[in-house]
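Heads up: the structure comes next, in structure tokens.
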Amino acid sequence: MSQGLAGVRKAARENKEMKFTALLHHLTVDLLRESFYSLKRKAAPGVDGVTWQEYETGLEDRLVDLHGRVHRGAYRAQPSRRVYIKKEDGRQRPLGVAALEDKLVQYAVATILNQIYEEEFLGFSYGFRSGRSQHDALDALSYALLKKKVNYILDADVRSFFDNLDKGWMIRFIEHRVADPRILRLIQKWLKAGVMEEGKWSEPKTGTPQGSVISPLLANVYLHYAFDLWVNVWRNKRAQGEVVAVRYADDVILGFQYRTDADRFLENLRERLAMFGLELHPDKTRRIEFGRFAEENRNRRGEGKPETFDFLGFTHISAKNSLGRFTVRRKTIRVRPILKSQDDVVRIAHGHHLALRPLIAPDVHPKIENVV
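So the sequence shown is numbered by this note's numbering: it starts at 275 and just counts up by one.
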């Protein structure tokens, strides 16, 4: 990390109310070069048809030219090339493949903005963050289920999040910390660039192309303000019992001590998301009884075994260990592979292809604070 970016991070950490008015000068030729070599070499080209290998030819001259266009305001974002992959339920998921220079500039801008937002994001947010992985999110959830007072699980599925986030709210959220008009214009260019599908251009009124380099950061910023901060206030001021949360991008699991809290939260969450153009999927969002007392309570009521829930590629199952105590067993979900030509950010977008590993012991969890 350059000295300048380290200074941005230090300022963001020490002054939570600070708005950064001068950030674009951190987008240097050196940062563009680092960004280029961080891109996936074999990624599919966008509408420009330019591959990583082709762009590397005469790289220094290309980077100097790109740097100049960005700083003069002459850089123009190109539409993303629309491709589709099959989801595990058989439906098609739309993805956007950006042009190489768009990936490059987005990577550099995300590197700058991450210095601010890594000091802003909350501990229970895991998706697409440096030093955090799907395994960290799974471990945090395991700790909550085994150690916290969790008796009910809310499996919240935001319907088509990347397609439905409101672009106006997106900019307003960014403006909470970023007041450099040149950075804001770059983000607006990417939001308005649209998509190209079968030779036809369109600009969706909402959403950001899932699969672009900048979309994970934008998603985290959007959900930080629309969801994370609100969750903290709700559980501190409205909940009667314990509430825990683990979020990986738009995949969210919440644990509750009391059923009344879980049901009231779900109702309030629907209202909260509607304010920002989002809604919960009616068929995939559900509250279930799950935890150390669930099996006993359900047997007493004649309701059978506790239900299971899925998170980041695993089905979570109520079970007992060799001592007869409550534990959670994880079973890998069989999923269809994602296109090999997509960027890494697409390939891991929903936690696919995780290696199964045992649940950790509660007393050795390295990030206890991150489940609350």
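Glycine residues also receive a C-beta, built at the ideal position from the N, C-alpha and C atoms. Since the structure is predicted, the reported quantities are computational estimates derived from the model, not experimental observations.
If you draw a 10 Å sphere on the C-beta of Ser486, you find 16 or more other C-beta atoms in it, and that means buried. C-alpha of Thr385 to C-alpha of Trp443: approximately 22 Å in a straight line.
For Ile359, DSSP records a beta bridge to Arg367. For a cut-off of 8 Å, the C-beta gap from Leu340 to Leu378 is around 7 Å, short enough to register as a contact. Non-local beta-carbon contacts of Lys558 in its own chain, meaning distances under 7 Å to residues more than five positions away in sequence, involve Asp431 in chain order. Counting other Cβ atoms within 10 Å of its Cβ, Glu291 stays below 16 and is therefore classed as exposed. Listed as beta-bridge partners of Ile427 by DSSP are Gly529, Ile562. Going by DSSP, Tyr311 is part of the alpha helix (DSSP H) stretching over 303 to 312.
Within the segment 459 to 514, complete beta strand (DSSP E) segments of at least 3 residues are found at 469 to 471, 474 to 476, given in chain order. Between the C-alpha atoms of Leu552 and Ile591 there is a straight-line separation of about 29 Å. The DSSP-derived three-state label of Ala373 is coil.
Annotation for Trp475: Pro353, Gly468 place their beta carbon closer than 6 Å to its own, counting only its chain and skipping 5 residues before and after.
By the beta-carbon neighbour count (other beta carbons within 10 angstroms, threshold 16), Gln408 is buried. For Ser354, DSSP records a beta bridge to Val469.
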